[in-house]
Amino acid sequence: MKAWLAALLFAGASGAGLAAATVEGRVALPKTRTTPVVNQRYEIVAKSGVLSTNPPVAVVYLEGDFPAPAAGSVVQLQQKDLAFVPSLLPVQVGTRVEFPNLDDTYHNIFSFSPPKRFDLGRYRSDDRPVPSQVFDVPGLVTLRCDIHEHMRALILVLATPHFAVTDAAGNFRLTGLPAGRYKLKAWVDSRTTHERPVELAAGGILRVEFP
Amino acid sequence: MKAWRRMVAAGGLLAAGWTGASAAEESFDRLEELLTFSGQRTQWRARLSGTVDAEVYAMPRPVPGLIDSASGTLFSPRLSVFLDAQFGPATYLFAQARADRGFDPTDRGGEIRLDEVALRFRPWGGGVTVQAGKFATIVGNWAVRHGSWSNPFITAPAAYEVPTGIWDTDAIRSPNTLLQWSHLRPGLNAATLAAEKSLRVPIIWGPAYSSGVAVAGGFGPWRYAVEAKAGSLASRPDAWLHAREQRHHPTGAARIGYHPNPTWNLGLSASAGSYLREWAPGIPAGYSRGDYEQRVLAVDFAFARRHWQVWAEGFASRFTIPRVGDADVFSYYVEAKYKFGPRLSWAWRWNQQTYGDIVDRTGTRVRWGRDLWRIDAAPCWRFTPHTQFKVQYSYQRGDFDRGPEQHIGAAQFTVRF
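So this is what it looks like as structure tokens:
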């Protein structure tokens, strides 16, 4: 009997996988942000230089009643060339984020954001284990560096496993989605989140444009 | 007109950010974007930023340090505006303007100053940097954190703010003159103490923003910097711009640093230059300003690891005085800061300053200043990434005019934008 049930479940799961829906489209992004300026007033021996522009991107995600994430999910947000890479990181609730320092100088990451308040202190690139935090409350977390005031990054903690970051032109593609009715959201910045009800058919491809 | 609109919007956002908590973070980020300007393809970029400080002091009288106030309590507001501009990968311009009640807190009216303006460039595109303008000294490591936001304390270490008996306005003619100026004679009234205090100079006056040129670079873990500037380390803010004064007697300084990794930073500095103003009277026949020189040998140490930061500096300063000899003073401090989290940090500092001997008129060796030690404690609470509140208590002990001990309290609220 158990073997039967297991076989049925496996068949259902693989059937859902084969018939997974896809959503693709485009999000209208705000114009390119100004490139930050590095304050080096009292670092006469310092590597100055032009920082690369960080074009705005959006996070598109499917909101619904999804199962809790598998434990042990780990992603990285690096500090490289006096910048956070990537500058916008979506994660599912419960994800551990590691913050490796790839520069030959100190960084001091901290957050005052209500979903996750922490201060990692100063650590080097060869420090092990790499300092990390578990993000277990949905919401937006702003990361800063206490040493380099121009450094900033965002972690968007989501209660869904289905999300994607757009490219610089605003294009996105979400695959492997379960069929059903959901809300599709596009997070553009802390003040702008677009929302669209969607009905996903098994094996179908839905195209959505956010203004 | 566009710039005007930006400024008005910036003022509105600053006011909004002041009050809110999480909304404040966003307001300040938008303010930063408003105050950042860039050209095509970001080949040049500039940013205006700053701090607004409100400080309150409660002190014994006569007030200690370089603070100038007739009263034992003082309110000292300050607006500091910074300009940071980058032109391509090799050129950097920075400036700092302040509106306050004096470079060191006073009870006088307000003033606006351009404290720093300097151009830094890498002429050969490599590791050698040249900097010209009016900027903080390369000596030691305190200048890096002297701003109100990054300084764990409200007041400076003793070497930077305790006046010695040296005047820069008048040449010392005899050992007894120096002993008088050092206030070692008894029975001085408060008016004389206050009047003479403004004539005295410390070992190093704050970040010593005098004008000049510096060259710096590094190889491996080693860092070097040399500077030629308009004023000695002890020179007062009035003298920092007067390049003409020091044309014939510039102050030279050098620092060699060992920085094997971000945890450790060690340095050895030396500086030499005339401490007298050009118009200072009383120079004996046969001597010149160049014979009244301040020579400083300094060591500095910095350690940082996780939530700990420790700094220390030691200064051995020698004032050469014709007909008197060398007047030596040694000052050092050790300070530590611990961050308990993103909001609360606490800092402690131990300062000590001791004076050497000179030979007085009777041939007796006498100490030419009043030794002191001071302990400072300063908790700091950050409300947001842009607002913080600091409190400092200092206990100072020495052979002072009004008893052996002094208690100093200070509070500072800072908004950074």
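Chains as they are written, first to last, in our numbering: chain C, 43 to 253; chain R, 852 to 1268. Where a beta carbon is used, it is the ideal one built from N, C-alpha and C, also for glycine.
Query raised in the report: When the Cα atoms are used, what is the spatial distance from THR1205 (chain R) to LEU185 (chain C)?
Result: Distance between the alpha carbons of THR1205 (chain R) and LEU185 (chain C) is about 45 angstroms.
Query raised in the report: Quick one: does VAL79 (chain C) have its CB under 8 angstroms from some CB of chain R?
Result: yes
**Report entry** Stretch-stretch touch, CB-based, cutoff 8 angstroms, three pairs: the segment 106-119 of chain C with the segment 130-142 of chain C
**Finding:** Counting Cβ pairs under 8 angstroms, three or more are found: they touch.
Query raised in the report: At a Cβ cut of 7 angstroms, what residues of the segment 981-1007 of chain R count as close to chain C, listed as they run along the chain?
Result: GLN982, ALA987, ILE989, ALA994 and VAL995
Query - For GLU105 (chain C), the nearest candidate out of C:THR234, C:SER232 and C:LEU226 (CA to CA) - result: C:LEU226
Query - Residues near LEU51 (chain C) in its chain [Cβ-Cβ closer than 8 angstroms; skip 5 each side] - result: Confidence at LEU51 (chain C) is low in this model, with a pLDDT of 36, below 50, so the placement of that residue is unreliable and no value is reported for it.
Report task. Check GLN118 (chain C) in the structure and name its three-state DSSP category. Result -> strand
Query - Short-range partners of chain C found in the segment 1101-1125 of chain R, where Cβ spacing is below 9 angstroms - result: GLY1108, HIS1110, ASN1112, PRO1113 and THR1114
Query raised in the report: Is ALA62 (chain C) helix, strand or coil by DSSP?
Result: coil
Query raised in the report: Which of helix, strand or coil does DSSP assign to TYR1011 (chain R)?
Result: helix
Query raised in the report: Taking C-alpha atoms, which residue in R:ARG1218, R:LEU965 and R:ALA1198 lies nearest to ASP1250 (chain R)?
Result: R:ARG1218
Query raised in the report: Do the CB positions of TYR1143 (chain R) and ALA1010 (chain R) come within less than 8 angstroms of each other?
Result: no
Query raised in the report: Which residues in chain C sit within 7 angstroms of HIS1258 (chain R), going by Cβ to Cβ distance?
Result: The premise fails here: HIS1258 (chain R) is roughly 31 angstroms from chain C at the closest Cβ pair, so nothing lies under 7 angstroms.
Requested in this report: Classify LYS1190 (chain R) as buried or exposed, calling it buried when 16 or more other Cβ atoms lie within 10 Å of its own Cβ.
Outcome: buried
Query raised in the report: Under a three-way DSSP split, which group does PHE126 (chain C) fall into?
Result: strand
Query raised in the report: Okay, do the segment 964-976 of chain R and the segment 1039-1054 of chain R touch, 3+ Cβ pairs below 8 angstroms being the bar?
Result: no
Requested in this report: For the alpha helix (DSSP H) containing TRP826 (chain R), list its first residue and its last residue.
Outcome: Given a span of 852 to 1268 for chain R in the structure shown, any question on residue 826 (chain R) remains unanswerable.
**Report entry** ASP1089 (chain R) to PHE154 (chain C) span [Cα, whole Å]
**Finding:** 41 angstroms
Query - Beta-carbon separation (whole angstroms), GLY916 (chain R) vs VAL979 (chain R), contact threshold 8 angstroms - result: Rounded, the Cβ-Cβ distance is 38 angstroms, inconsistent with contact.
Query - Cβ-based burial, GLU191 (chain C) [other Cβ within 10 Å; buried from 16] - result: buried
Requested in this report: Could you tell me which of C:THR235, C:ALA244, C:GLY245 and C:ALA243 sits nearest to VAL103 (chain C), measuring between CA atoms?
Outcome: Position check: residue 103 (chain C) holds Tyr in this sequence, whereas Val was assumed. Of C:THR235, C:ALA244, C:GLY245 and C:ALA243, the residue nearest in Cα terms is C:THR235.
Query - THR235 (chain C) at chain R interface by Cβ criterion, 8 angstroms - result: no
Query raised in the report: Going by DSSP, which residues form a beta bridge with LYS1080 (chain R)?
Result: R:GLY1063 and R:THR1102
Report task. Name, in chain order, the residues that DSSP records as bridge partners for VAL79 (chain C). Result -> DSSP, once it has assigned bridges, lists no residue as partnering VAL79 (chain C).
**Report entry** Segment contact flag, the segment 1143-1163 of chain R with the segment 1111-1119 of chain R, C-beta cutoff 8 angstroms, min 3 pairs
**Finding:** yes
Query raised in the report: Three-state secondary structure (DSSP) at ALA1123 (chain R)?
Result: strand
Report task. Look up GLU877 (chain R) in the DSSP assignment and say whether it is helix, strand or coil. Result -> helix
Query raised in the report: Under the three-state reduction of DSSP, which class applies to GLU1129 (chain R): helix, strand or coil?
Result: coil
Query raised in the report: If we ignore side chains and look at the alpha-carbon of each, how far apart do ASP188 (chain C) and ARG164 (chain C) end up?
Result: Just so you know, the alpha carbons of ASP188 (chain C) and ARG164 (chain C) end up roughly 9 angstroms apart.
**Report entry** Where PRO940 (chain R) sits in the DSSP three-state scheme
**Finding:** coil
Requested in this report: Classify ALA946 (chain R) as buried or exposed, calling it buried when 16 or more other Cβ atoms lie within 10 Å of its own Cβ.
Outcome: So ALA946 (chain R) ends up on the buried side.
Requested in this report: Could you tell me which chain C residues have their CB closer than 7 angstroms to the CB of GLU876 (chain R), listed as they occur along the chain?
Outcome: PHE154 and THR184
Query raised in the report: Can the beta-carbon of ARG1174 (chain R) be found closer than 8 angstroms to that of ASP1019 (chain R)?
Result: no
Query raised in the report: Mind pulling the chain R residues with CB within less than 8 angstroms of ILE86 (chain C)?
Result: For ILE86 (chain C), the chain R residues whose Cβ falls inside 8 angstroms of its Cβ are ARG971, THR980, GLN982, ILE989, ALA1065, ALA1067 and ALA1076, in order along the chain.
Report task. Look up TRP1032 (chain R) in the DSSP assignment and say whether it is helix, strand or coil. Result -> helix
Requested in this report: Answer with buried or exposed for THR988 (chain R), where buried requires no fewer than 16 other C-beta atoms within 10 angstroms of its C-beta.
Outcome: Its Cβ being crowded by 16 or more others within 10 Å, THR988 (chain R) is buried.
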